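Student: Numbering (the working numbering), first residue to last: 217 to 700.
Glycine is no exception: its CB is placed at the ideal position from the N, C-alpha and C atoms.
This one's a predicted model, so the numbers in the text were calculated from it and none came from an experiment.
Questions regarding the structure given below will be posed in turn.
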Amino acid sequence: MNVTVFGAGYVGLVTGTCLAEMGNSVLCVDVDAERINALRAGRIPIYEPGLEPLVTANVAAGRLRFSRDADQGVDHGEILFIAVGTPACDDGQADLRFVFQVAERIGRRMGADKIVVDKSTVPVGTADKVRSTIAAALKKRGADFDFDVVSNPEFLKEGAAVNDFMRPDRIIIGADRDQSRARLEQLYQPFSRNRDKFVHMDVRSAELSKYAANAMLAARISLMNELANLADRVGADIEAVRLGIGRDPRIGTHFIYAGAGYGGTCFPKDIKALIHTAAEAGVEADLMKSVERVNERQKSLLVRKMRSHYGDHLGGRTIALWGLAFKPNTNDMREAPSRAIIGELLAAGARVWAYDPVAGDEARRLYGNQVDVCERRQDTVAGADGLAILTEWNEFRSPDFDQLRIDLLEPTIFDGRNLYDPRRLGQLGFNYYSIGRPAAERKIDNGTAAGTPRGTPKIDNGRPSPISSKADIKNSPAHQGVRQ
C-alpha cells in the first residue's frame, strides 16, 4: 500500500520504517527541517536498537522516503497515519494542536478517498474532533470525498520498539466501518501470521485502551515503590517480596521492580492526561493522582538517602551518577529520575560527574557545563564522594568492586535500581543504600559504622584511602587525566 506517516519522531519513524520493511511504499512527513535533512543523510535522530539498519535498507530500496511537504504526503497515502507529538500542557491535558494541524491539512488537500489513522496517543473523543476538522476543511473547499478516522494506538517500548512493532502482542483497531477495519487488517497482516493478534473495537474504546494500559503499568510501579518504602522501615527486603508475589500468576513478574521512579515520554504524560480527562468527565481519579504523587516523591528518595548519610551536607561534595536515560537502550531523558536528582544535587551545591552509554550528548545539551558528563563510567568515580545508580544498563551490573572501592573517596553506593546484593557490598567494605532493602554499612577499624567521616585513613581491609580529603580531588591523577 501507499502509506503516509505524519510525524517522523519516535513513533512515526518506527511505524513508517517497519511498514516499509514489509513492502509498503512509505512517506514520512515532518515539519522539522533538521530532522528530515538528517534522515535523508542517513542519520537517525533517536537511539533505538535495530532501527538504523532498517531505515538504511528501506531507503536504499526506495520504499521509505522523507519529506517536509505535507501536501505531497496527503497525495501519496491511501492510508494516512497521524503520529505527531501530543505533549502535556501545564494543566495536564494533552496538547492536540499538531494533531489538528495535520487533520486540517488533510482536509484542505485530499483529492481522493482516504483512511486517516490516529497513531498518536490521544484522549477519548479525539477521533471525532479529527473527523470534524477534516470535514470542515472539505466543506470550505466545496469538496466531497469519503474518509474515515480510525484509532490504532501504539504499544512500543523505548529500547525494544522495532521488536514490538514487528512482533506485536496485540494490534488494536478501533473502527466504525467494516471497510476501514478490513484495510487496516490487510496492512498489518504480515505482523499477525503466527496467531490472530487483532483486537477490534469501537474508536473510543481503542483511544482509552492506550491510556488504560499505561495507567495500569504505572500503578504497578508506584505500588511496588510504596511497598519498598514500607519494607525499608519495617526491616523487610522488597526483592524477596517481589519474588514471593511474582510467582502468583494473577500478578506475574512484569513491572514489579522497585526503583527510583518511572519517567520517559509516556507514563508521566499519559497519567496527567488521564487525570484531566477524568476531571472533564466528572470522575474522581484518586488512584491515578496517587500514582503520580508517589512517583514524584520516589524520584527524590536517593537524594534523601544521601542527605541522611552525609548529615544533610551535600554542598561541595561530588556525586557520580551511572545512568541518565529513564531506562536502558534509549537516550531519552525526558521526565527521567536523573533529571530530578541532578536538579536537587546542583541546588544543594554538589558537583555531578555523570555517565550514560548513549544519553551523554543529551545530558550535555540539557546541562552544559553544570554537569561533567564523562565518556567512561570509571571516569566518574575517581575522587567522587559517592556513586548513584540511576539506570539499569547491563554494563553496570558487574563492575570491579575492588577498583571501585579504591576510586571513590568514600566507598558509598546509592543504588536506585537494586542491582547489587546488600550483604555482599557490606562484606566488600561499602556503604550501600538501595530501594526497600536493608542498608549495608562498612566498618572502620574501631568497629563502628562509617557513615559520616570523610577521608577515613583506612577501611576494615586495611587498605589506605586513595584520596584523603576533598582538596586532593583536583590534584589526583585520575581527575587531571580526565577533567581538564
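#1: Can you give the Cα-Cα distance for D486 and G480, rounded to whole angstroms?
#2: Taking Cβ positions, are A489 and Q309 nearer each other than 9 Å?
#3: Go through the stretch 306-363 residue by residue and report every complete run of the beta strand (DSSP E) that reaches 3 residues or more, in order.
#4: Are the CB atoms of H416 and G390 nearer to each other than 9 Å?
#5: Are G602 and A476 close, meaning C-beta to C-beta below 9 Å?
#6: Among all the DSSP beta bridges, which residues are the ones paired with S647?
#7: If we require 4 or more residues per run, which alpha helix (DSSP H) segments fall completely within the stretch 511-559?
#8: Quick one: measure Cβ to Cβ for L280 and T233, integer angstroms, because I've assumed they're closer than 8 Å.
#9: Rounded to whole angstroms, what is the Cα-Cα separation between D676 and A434?
#10: Assign N253 to one of three DSSP states: helix, strand, or coil.
#11: Pick out whichever of A351, V366, S367 has its Cα sitting closest to the Cα of D360.
#12: Taking the continuous alpha helix (DSSP H) assigned at F407, which residues delimit it?
#13: If you scan the stretch 451-502 from start to end, which runs of the alpha helix (DSSP H) of 4 or more residues do you find wholly inside it?
#14: Skipping 5 residues on each side, what residues in its chain have a beta carbon closer than 6 Å to that of L255?
#15: Since M382 is in the alpha helix (DSSP H), which residue starts that stretch and which ends it?
#16: What number of angstroms, rounded off, separates the C-alpha of P553 from the C-alpha of F483?
#17: Please say whether I651 and N441 have beta carbons closer to each other than 9 Å?
#18: With 16 other CB atoms within 10 Å as the buried threshold, where does T349 fall?
#19: Among residues of its own chain, excluding the 5 on either side of L530, which ones have a beta-carbon nearer than 7 Å to its beta-carbon?
#20: So, helix, strand or coil for T220, using DSSP?
#21: Span of the beta strand (DSSP E) holding G390?
#22: Evaluate the contact criterion for the stretch 510-518 versus the stretch 217-231: three or more CB pairs, one atom per stretch, below 8 Å.
Tutor: This is what the structure gives:
#1: 11 Å
#2: yes
#3: 330-334
#4: yes
#5: No, these two residues do not count as a Cβ contact at 9 Å.
#6: Note that residue 647 is Asn in the sequence shown here, rather than Ser. Per DSSP, T628.
#7: 517-525
#8: 6 Å
#9: Caution applies to D676, whose pLDDT of 35 falls short of 50 and renders its modelled position unreliable; the value that the coordinates give is listed next. Each residue's alpha carbon lies about 42 Å from the other.
#10: helix
#11: A351
#12: Run containing F407: none; DSSP gives neither H nor E here.
#13: 454-462, 483-496
#14: Around L255: F282.
#15: First-last of the alpha helix (DSSP H) with M382: 377-382.
#16: 13 Å
#17: yes
#18: Its Cβ being crowded by 16 or more others within 10 Å, T349 is buried.
#19: M522, R523, L561, A564, G565, A566
#20: strand
#21: 387-390
#22: The stretch 510-518 makes no contact with the stretch 217-231, as fewer than three CB pairs between them are under 8 Å.
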